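Engineer: What follows is a single structure, and I will ask about it in a moment.
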Amino acid sequence: MKPNLAATRWRGLSSALLALLLGLALAQTFGRPRFGPFSVLALAIFIALLWRTPAASATARARRGAALGLAFGLGWFAGGVWWLYISMAVYGGMPPPLAGGAVLLFSAYLAIYPALASALAAALAPPAARQPWHALRALGAALAFAGAWALSEVLRGTVFTGFPWLALGYAQVGNPLAGYAPILGMYGVDFAAALTAALLALLTQVSLRGAGLSVALMLALTAGGQQLAKVRWTHPEGPQLTVALLQGDVPQSEKFRPERLKPTLDLYGDWLTTLRADLIVTPETAVPVLPEDLPPSYLRALTSALMAHHAHALLGIPLTRGADQYTNSVLGLGGAQPYRYDKAHLVPFGEFIPYGFHWFVRLMDMPLGDFARGTLDQPSFDVHGVKVAPTICYEDLFGEQLAQRFRDPRQAPNIIANLTNLAWFGDTIVIPQHLEIARMRSLEFQLPTIRATNTGATAILDAQGRVQAMLQPYTVGVLSGHVQGYAGLTPFAWLASRYGYLPIVGLSLLALAAGAALARKRAS
285 MKPNLAATRW
295 RGLSSALLAL
305 LLGLALAQTF
315 GRPRFGPFSV
325 LALAIFIALL
335 WRTPAASATA
345 RARRGAALGL
355 AFGLGWFAGG
365 VWWLYISMAV
375 YGGMPPPLAG
385 GAVLLFSAYL
395 AIYPALASAL
405 AAALAPPAAR
415 QPWHALRALG
425 AALAFAGAWA
435 LSEVLRGTVF
445 TGFPWLALGY
455 AQVGNPLAGY
465 APILGMYGVD
475 FAAALTAALL
485 ALLTQVSLRG
495 AGLSVALMLA
505 LTAGGQQLAK
515 VRWTHPEGPQ
525 LTVALLQGDV
535 PQSEKFRPER
545 LKPTLDLYGD
555 WLTTLRADLI
565 VTPETAVPVL
575 PEDLPPSYLR
585 ALTSALMAHH
595 AHALLGIPLT
605 RGADQYTNSV
615 LGLGGAQPYR
625 YDKAHLVPFG
635 EFIPYGFHWF
645 VRLMDMPLGD
655 FARGTLDQPS
665 FDVHGVKVAP
675 TICYEDLFGE
685 QLAQRFRDPR
695 QAPNIIANLT
705 NLAWFGDTIV
715 IPQHLEIARM
725 RSLEFQLPTI
735 RATNTGATAI
745 LDAQGRVQAM
755 LQPYTVGVLS
765 GHVQGYAGLT
775 PFAWLASRYG
785 YLPIVGLSLL
795 ALAAGAALAR
805 KRAS
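The opening residue of the sequence shown carries number 285 in the numbering used here; numbering runs sequentially from there.
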């Protein structure tokens, strides 16, 4: 008995270690478009590992699935968001051991979601056996996994305000499966990728006939994405705009120092008053102080110069709301009407303090740590008749929330403009990861995106999410170019603006129900 018990424990530990390594491998595919297809492969190997249990009890399979999912998720998130350590230890002043522990704790929390999906998928799958799975039961297991996985991703992106960074759908940017983005958004791509991975994993469980069905379905999913990518739901409209996107490369360690304020104001002031463009965009909080703390004529001089040049600008700046509230905002300058956009989706701990966690923010020593929220349906900024929708940094992770600006087709944006400051996280993979997210937003809405960032990636994306031009990260410069606005609604924009997450949740539940029904069928 003891040798068998030792062997069982060893198999369990080795499986958990393999799951951890597969999660680490998955993390490396984000922000690296050429590695995108390997995200499906890494997940497929994990699913094959998940299904390798002969336990007849669904409870036992679920328990093992949860443990493997937790290990997989820990590798995935610790390997993908490790750069959070820099913001806490380097710029927040947190002791390194405490910062490292905080990243691991956060990764462990995020790992709960793939653990839940793995537990449910393992419980619904047939037990591993020497005989191949029946084709219908195998298809049921694949559908159940895809449904459980997509549901867990939606939960991760919404619970406690959500953190959908490293969602599987983002790794598909530039790959055929991204063609599903205009239909069901990033989570629809996520579902398609999870289903493809599950079908690939079935090759280890099914007969030759079942393998043929699995391969045929994988090819159909890929071909469907390729064909959908050719469909144009939006069309060019309005004048082509000249844009100037500013990248100041202001070190985060110096940004809020009083002695750094004048050089920063001079840098952006010179650009805003001398550049010739229809639209000039600064990074998030390019002006790091409230308007009342600026030189008296600063904003007035900017506005006068812009109007003299028939130019417009989106200026990142903190603002006040009422007597005691602050907002992370964008001012629209040079237009016929005053314009203001307040960030709607705030970063927990960075921009608002969850109840009971003020001690954490004090440890991080972050200025301006508690902001008020804007609404999700704020209007766009009008630039010569072209509607430009600002988003600020992290909030462009939430496509379903951005879709609320498309509820009225007459007011729907023609261009997305993202203002970002990622200097908190150093010269790391966070920059290409965030660019990948912006590319997905362009794919979902089939609109061009312009990005003005402090340290990168300052870029112009076309309506198909392709990078047209980009500045080298961590350099001081201006990215100039031409951008054509687009009009029209993708199916995703229409559905999400009215029903939010319900379409993808409905698809996932349908897949779960169908998978459960098929998985119960007896092998013939």
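All C-beta atoms, glycine included, are put in the ideal place defined by N, C-alpha and C. Just so you know, these numbers come straight off a predicted model, no measurement behind them.
Going by the beta-carbon positions, is the gap between residue 551 and residue 586 smaller than 8 Å?
Structural biologist: Reading the sequence shown from its first residue, position 267 is the one you call residue 551. Reading the sequence shown from its first residue, position 302 is the one you call residue 586. No, they are not a contact pair.
Engineer: Could you check the C-alpha separation between residue 582 and residue 553 for me, to the nearest Å?
Structural biologist: As a first step, residue 582 must be located in the sequence shown, where it is residue number 298. As a first step, residue 553 must be located in the sequence shown, where it is residue number 269. Near 8 Å, if we compare the C-alpha coordinates of residue 553 and residue 582.
Engineer: Taking the DSSP output, what are the residues bridged to residue 671?
Structural biologist: Numbered from its first residue, the sequence shown carries residue 671 at position 387. DSSP, once it has assigned bridges, lists 666 as partnering residue 671.
Engineer: Taking 8 Å as the threshold (C-beta atoms), are residue 484 and residue 473 in contact?
Structural biologist: Residue mapping note: residue 473 aligns to position 189 of the sequence shown, counting from 1. Residue mapping note: residue 484 aligns to position 200 of the sequence shown, counting from 1. Cβ atoms of residue 473 and residue 484: not closer than 8 Å.
Engineer: By a C-beta neighbour count over all protein chains shown, 10 Å radius and 16 as the cutoff for buried, is residue 531 buried or exposed?
Structural biologist: Here residue 531 corresponds to residue number 247 of the sequence shown, with the count starting at 1. By the neighbour-count rule (16 or more Cβ atoms within 10 Å), residue 531 is buried.
Engineer: Could you give the distance in angstroms between the alpha-carbon of residue 712 and the alpha-carbon of residue 305?
Structural biologist: Translated into positions along the sequence shown, residue 712 becomes position 428. Translated into positions along the sequence shown, residue 305 becomes position 21. Cα to Cα, residue 712 sits roughly 21 Å from residue 305.
Engineer: Alpha helix (DSSP H) containing residue 329: first to last residue?
Structural biologist: Mapped onto the sequence shown, residue 329 falls at position 45. Unbroken alpha helix (DSSP H) run through residue 329: 320-334.
Engineer: Where does residue 626 land, buried or exposed, given buried means 16+ other C-beta within 10 angstroms?
Structural biologist: Here residue 626 is taken as the residue at index 342 of the sequence shown, counted from 1. Burial call: buried.
Engineer: Please classify residue 343: does DSSP put it in a helix, a strand, or coil?
Structural biologist: The sequence position of residue 343 within the sequence shown is 59, counting from 1. Three-state result, residue 343: helix.
Engineer: Quick test of your reading: residue 345 and residue 406, contact by CB under 8 Å. State the CB separation rounded to the nearest angstrom.
Structural biologist: Start at 1 with the first residue of the sequence shown, and residue 345 comes out as number 61. Start at 1 with the first residue of the sequence shown, and residue 406 comes out as number 122. Confirmed, about 4 Å.
Engineer: Exposed or buried, residue 294, counting other C-beta atoms within 10 Å across all chains shown (16 or more means buried)?
Structural biologist: Position 10 of the sequence shown, counting from 1, holds the residue named residue 294. Exposed: under 16 other Cβ atoms inside 10 Å.
Engineer: Do residue 616 and residue 598 have their CB atoms nearer than 8 Å?
Structural biologist: As a first step, residue 616 is located in the sequence shown; it is residue number 332 there, counting from the start. As a first step, residue 598 is located in the sequence shown; it is residue number 314 there, counting from the start. Contact flag set, yes.
Engineer: Do residue 431 and residue 786 come within 8 Å of each other at the CB atom, strictly closer than that value?
Structural biologist: Residue numbering aside, residue 786 sits at position 502 when the sequence shown is read from its first letter. Residue numbering aside, residue 431 sits at position 147 when the sequence shown is read from its first letter. Result no, Cβ atoms of residue 786 and residue 431 do not sit closer than 8 Å.
Engineer: How far does the beta strand (DSSP E) with residue 735 in it reach, from first residue to last?
Structural biologist: Along the sequence shown, read from residue 1 onward, the residue named residue 735 stands at position 451. Run containing residue 735: 733-737, per the beta strand (DSSP E) assignment.
Engineer: Should the stretch 414-427 be regarded as contacting the stretch 487-502, the criterion being three or more beta carbon pairs within less than 8 Å?
Structural biologist: The stretch 414-427 vs the stretch 487-502: in contact.
Engineer: Can you look up residue 610 in the DSSP assignment and give me helix, strand or coil?
Structural biologist: Counting from 1 along the sequence shown, the entry for residue 610 is found at position 326. Three-state DSSP puts residue 610 in a strand.
Engineer: With DSSP run on the structure shown, which of helix, strand or coil describes residue 765?
Structural biologist: Reading the sequence shown from its first residue, position 481 is the one you call residue 765. Strand.
Engineer: With distances taken between CB atoms, is the gap from residue 496 to residue 320 smaller than 8 Å?
Structural biologist: On the sequence shown, residue 496 is found 212 positions in, with the first residue counted as 1. On the sequence shown, residue 320 is found 36 positions in, with the first residue counted as 1. No, the Cβ-Cβ distance between residue 496 and residue 320 is not below 8 Å.
Engineer: What does the Cβ neighbour count give for residue 356, buried or exposed, with the cut at 16 atoms within 10 Å?
Structural biologist: For the purposes of this step, residue 356 is taken as residue 72 along the sequence shown, with counting starting at 1. Classification for residue 356: buried.
Engineer: Start and end of the beta strand (DSSP E) containing residue 250?
Structural biologist: Limits of the chain in this structure are 285 at one end and 808 at the other, which puts residue 250 out of reach.
Engineer: Let me know if residue 692 comes out buried or exposed under the rule of 16 or more other beta-carbons within 10 Å of its beta-carbon.
Structural biologist: Within the sequence shown, residue 692 is the residue found at index 408, counting from 1. When all chains shown are included, residue 692 counts as exposed.
Engineer: Give the C-beta separation of residue 611 and residue 658 to the nearest angstrom, bearing in mind that I take them to be a contact with Cβ-Cβ under 8 Å.
Structural biologist: Here residue 611 refers to the residue found at position 327 of the sequence shown. Here residue 658 refers to the residue found at position 374 of the sequence shown. About 7 Å; that satisfies the 8 Å criterion.
Engineer: What is the rounded straight-line gap between the Cα of residue 536 and the Cα of residue 391?
Structural biologist: Here residue 536 refers to the residue found at position 252 of the sequence shown. Here residue 391 refers to the residue found at position 107 of the sequence shown. When rounded, the distance between both Cα atoms is 25 Å.
Engineer: Since residue 613 and residue 601 should fall inside the 8 Å C-beta cutoff, what is the C-beta to C-beta distance between them, to a whole number of angstroms?
Structural biologist: Stepping through the sequence shown from its first residue, residue 613 is reached at position 329. Stepping through the sequence shown from its first residue, residue 601 is reached at position 317. So it is a contact: roughly 6 Å between Cβ atoms.
Engineer: When the Cα atoms are used, what is the spatial distance from residue 327 to residue 756?
Structural biologist: Translated into the one-based positions of the sequence shown, residue 327 becomes position 43. Translated into the one-based positions of the sequence shown, residue 756 becomes position 472. Each residue's Cα considered, the two are about 32 Å apart.
Engineer: How big is the Cα-Cα spacing for residue 470 and residue 777?
Structural biologist: Here residue 470 refers to the residue found at position 186 of the sequence shown. Here residue 777 refers to the residue found at position 493 of the sequence shown. Approximately 12 Å, taken between the alpha carbons.
Engineer: Out of 747, 753, 408, 666, state which residue places its alpha-carbon closest to the alpha-carbon of residue 740.
Structural biologist: Your numbering for residue 740 matches position 456 in the sequence shown. Ranking the options by Cα distance to residue 740, first place goes to 753.
Engineer: For residue 602, write down the residues that DSSP places opposite it in a beta bridge.
Structural biologist: Looking up residue 602 in the sequence shown gives position 318. Residue 602 pairs with 612.
Engineer: Under the assumption that residue 352 contacts residue 333 (Cβ atoms under 8 Å), give the Cβ distance between them as a whole number of angstroms.
Structural biologist: In the sequence shown, counting from the first residue as 1, residue 352 sits at position 68. In the sequence shown, counting from the first residue as 1, residue 333 sits at position 49. About 6 Å; that satisfies the 8 Å criterion.
Engineer: Pick helix, strand or coil for residue 752, following the three-state DSSP scheme.
Structural biologist: Mapped onto the sequence shown, residue 752 falls at position 468. Strand at residue 752.
Engineer: How long is the line joining the alpha carbons of residue 528 and residue 590, rounded to whole angstroms?
Structural biologist: What you label residue 528 is simply residue 244 of the sequence shown in a count that begins at 1. What you label residue 590 is simply residue 306 of the sequence shown in a count that begins at 1. Looking at the two C-alpha atoms, the distance is approximately 13 Å.
Engineer: Assign residue 651 to buried or exposed, taking buried as 16 or more other Cβ atoms, counted over all protein chains shown, within 10 Å of its Cβ.
Structural biologist: Taking the sequence shown and counting its residues from 1, one reaches residue 651 at position 367. The predicted model places residue 651 with a pLDDT of 46, which falls under 50 and marks its position as unreliable; any figure quoted below should be read in that light. By the 10 Å Cβ count, residue 651 comes out exposed.
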